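What follows is a set of notes on a single structure, which appears directly below.
Residue numbers (our numbering): 11 to 896.
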């Protein structure tokens, strides 16, 4: 794991995570206040300044929080790998807070686990080798005895006994090792004469055939201490054996005992190569031998440290002019409660412990790895072969799958690498928008161009052209953005784009359900947070490129120099000033701020759309977690309520039939209302009825049982009947609205309401088909696509012009028209007004609607262009314009 330099982590030096979190809150708040104030003073619209302000807060928080949770994420990944046996994992500690402390503790734990695993493997190899050698020798002796090759004399049986003793010693070593692991161990404390103890241990060491001389010094000679004689003998013999093995031929091993206050100190020095300072901390660990070829297994000094610590002392490797220097410091009388002296001979201060009572002392045999038939059990057993045993390889366990984080559960990041090209393209779209949009005077070509470029970039990034559904959605969105160029009042097109947003995102997420489509639309917003890590990696890749910062610094200094000296020269000379005025755009500070906000806003929208296209979330719910129908236990539980609703439908439709066939006189006689008033009454309630019908059909699909053929037939019959009746209700509502418009005139709102009711009829059909048992995998997509297409189609077919034509037909039939309302239909309906109404009336309708005649190409709009032509054609009204002609 490569650590990020602390210079790039602003809060790395703070030692408290609470202080860091407080600084993050303060920094994000300051960023919001500053950016919001700048945008407000520059007159930036809230639609643009709001997202930019939030992005500034997120950016400040992200920059300050770099590396705060990285150790936690690294620990999660490392723990998963360590579960599979990869003990080499370590965490880069780059902070001084509680997370950094945890990371350091984790590294220490990993180091200990790696050491223990290495020791375990070495122990298996050593024990296997040590067991194989005496077993093979003993087997050979027994086979020779069984075959009569050798006679069972004293020498042969002694050889077999020596091999059995070696096996027993090794088992005792392992038992002592298990006591260390379990924290067990008891001391048989008694008075011990130190001089006698050292002489006995030296005598035992000199039984081994080594050309080494021992010098013992005890000060004072009568020194006696309280200790476990057997355990102490085990430690001293072990130290002597190690000193003898590492001493050269003719060397001297010095053993000095002395009193130091309430303690006594034992120093063992040899003339060997010594212990390197960097390895002294390892020699008291298991298998911590500094020389693996010396014949020791690496357990002796570890067990010696255990025995010394049991006595309340310590053992250290000290500096020496030559050779090694090991020092024991033990209390003359241990202060902790001691166990009662054992009555066995092992507890005697004067009698050496026999083999049977010296079980703890045999641990030293495994410690040094040497054995001779004539030596005592406290000697180390020797490797029978000069070749070190091979550590067996342990098959690795597959690492446990890490638990996904909050985002990874439903939004995995499939493309994690830096996306420099996408960032550059999105920044290019932002530059185009920040340059063109401020030049507009109303919606026009620049809006369509920028929106089309941003959406097309996301479409290309997601490679969505391979899906017919995605192509259809893309075409719908392109048509919607073109309305901003074709119509001067694209209000419904904005609604269509809002409805098309989930559809556009579903081209990448492959969502089919209603929940999936809603999540797809929400993903565009959430991508501003989810995509921050990828944006950080991309910016990091850019900053790591050679000479990038040098180029940026040079460019910034160049711009600064040109601005400073250019301003001075321009103010000093009129000719230079005129040249500067012609070359430099006349941008005010507020305009520069607006362009900066626009660039950030457009680039951010494009990047978030591209991120969803690159890494789409799992929008549709998991099928295993999807809700399943819960049929009612009894058929009447759903059939009776549904039947009651059907009866009400029939009663309502009967009343509508009487009004339809009875005519205006029947309505006036029975209700006291005119036919137009009756038609207007209840349209909103019928819309609600249509909506509730879809809910009822969905509940029938959920609760109606389908266990038998009769259940399925009844369910399908009720659903089809309710669907048909609801369609008749929709037809009644549309008929009512048409009659009302014939009486009081046509408006875009009334026609839009009629088309919305027709769309609800489509939804009823889709839900009814699903309730009847047919698949509705495409129902959500079709419903939302049709709603968006309807909202886009209305301005595309110029609904204002169509309403003008309908009112013109009504004017010819009745002579009635609302001139004020006609003026509201301009400029998109201007051509139809001129073509269908008298010149004076058209001039009155077009009066008061101003159009810009000096628009740049960025503001070009077909609706405003036609309005200007119509106004030029009819001119101004010659008289007073009435509000209505009757």
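Note that beta-carbon positions come from the ideal geometry of N, C-alpha and C, so glycine has one too. Note that this is a predicted model, so its numbers are computed, not measured.
Item                                                                                                                                                                                               : Value
Taking Cβ positions, are residue 328 and residue 321 nearer each other than 8 Å?                                                                                                                   : no
Can residue 273 and residue 257 be called in contact, C-beta distance under 8 Å?                                                                                                                   : no
Are residue 610 and residue 65 closer than 8 Å when you measure CB to CB?                                                                                                                          : yes
Apart from the five residues on each side of it in sequence, which residues of its chain come closer than 7 Å, Cβ to Cβ, to residue 458?                                                           : 491, 492, 494 and 495
Which residues does DSSP list as the beta-bridge partners of residue 327?                                                                                                                          : 336
With 16 other CB atoms within 10 Å as the buried threshold, where does residue 5 fall?                                                                                                             : In the structure as shown, the chain starts at 11 and stops at 896, and residue 5 therefore has no counterpart that could be examined.
Let me know if residue 223 comes out buried or exposed under the rule of 16 or more other beta-carbons within 10 Å of its beta-carbon.                                                             : exposed
Could you check whether residue 67 and residue 41 sit closer than 8 Å to each other, using their CB atoms as the reference points?                                                                 : yes
Could you tell me which uninterrupted alpha helix (DSSP H) segments, each at least 4 residues in length, are contained entirely in the segment 173-258, listed from first to last along the chain? : 204-215 and 239-256
Given this structure, state the Cα-to-Cα distance separating residue 846 from residue 804, to the nearest angstrom.                                                                                : 20 Å
Flag this pair as yes or no: are the beta carbons of residue 778 and residue 707 separated by less than 8 Å?                                                                                       : yes
Suppose you measure from the CA of residue 727 to the CA of residue 751; what does that come to, to the nearest Å?                                                                                 : 36 Å
By the three-class DSSP mapping on this structure, what secondary structure does residue 264 have?                                                                                                 : strand
Tell me the DSSP secondary structure of residue 287 in three-state form.                                                                                                                           : helix
Judging by CA-CA distance, which residue of 705, 640 and 813 is the nearest neighbour of residue 655?                                                                                              : 705
Using beta carbons (cut-off 8 Å, strictly below), is residue 493 in contact with chain B?                                                                                                          : Absent from the structure is chain B; it holds one protein chain and no more.
What residues in its chain sit with their C-beta under 7 Å from that of residue 600, if we drop five residues either side in the sequence?                                                         : 52 and 53
With 16 as the cutoff for other CB atoms within 10 Å, does residue 746 come out buried or exposed?                                                                                                 : buried
Just to confirm, are residue 440 and residue 612 a CB contact at a threshold of 8 Å?                                                                                                               : yes
Contact check, residue 627 vs residue 519 under 8 Å by CB: the rounded distance?                                                                                                                   : 6 Å
Just curious, the beta strand (DSSP E) that residue 279 is in, first and last residue?                                                                                                             : 273-279
Can you tell me the Cα-Cα spacing of residue 150 and residue 164, whole angstroms?                                                                                                                 : 16 Å
What first and last residue would you give for the alpha helix (DSSP H) that runs through residue 854?                                                                                             : 849-856
I'd like to check one pair, residue 338 with residue 247: are the Cβ atoms closer than 8 Å?                                                                                                        : no
Counting Cβ pairs, one atom from each stretch, are 3 or more of them under 8 Å apart for the segment 834-850 and the segment 873-890?                                                              : yes
Is the beta carbon of residue 196 less than 8 Å from the beta carbon of residue 236?                                                                                                               : no
Should residue 433 be labelled buried (16 or more other beta-carbon atoms within 10 Å of its own) or exposed?                                                                                      : buried
Going by the beta-carbon positions, is the gap between residue 84 and residue 101 smaller than 8 Å?                                                                                                : yes
Taking Cβ to Cβ, would you say residue 198 is nearer than 8 Å to residue 245?                                                                                                                      : no
Within 10 angstroms of the Cβ of residue 776, are there 16 or more other Cβ atoms? Answer buried if so, exposed if not.                                                                            : buried
How long is the line joining the alpha carbons of residue 577 and residue 625, rounded to whole angstroms?                                                                                         : 48 Å
Reducing DSSP to helix, strand and coil, say where residue 802 ends up.                                                                                                                            : helix
Among 712, 701 and 88, whose alpha-carbon lies nearest the alpha-carbon of residue 98?                                                                                                             : 88
Which residue wins for smallest C-alpha separation from residue 152, given the options 830, 242 and 169?                                                                                           : 169
What's the call for residue 426, buried or exposed, on a 16-neighbour Cβ count within 10 Å?                                                                                                        : exposed
Under 8 Å between the Cβ atoms of residue 477 and residue 521?                                                                                                                                     : no
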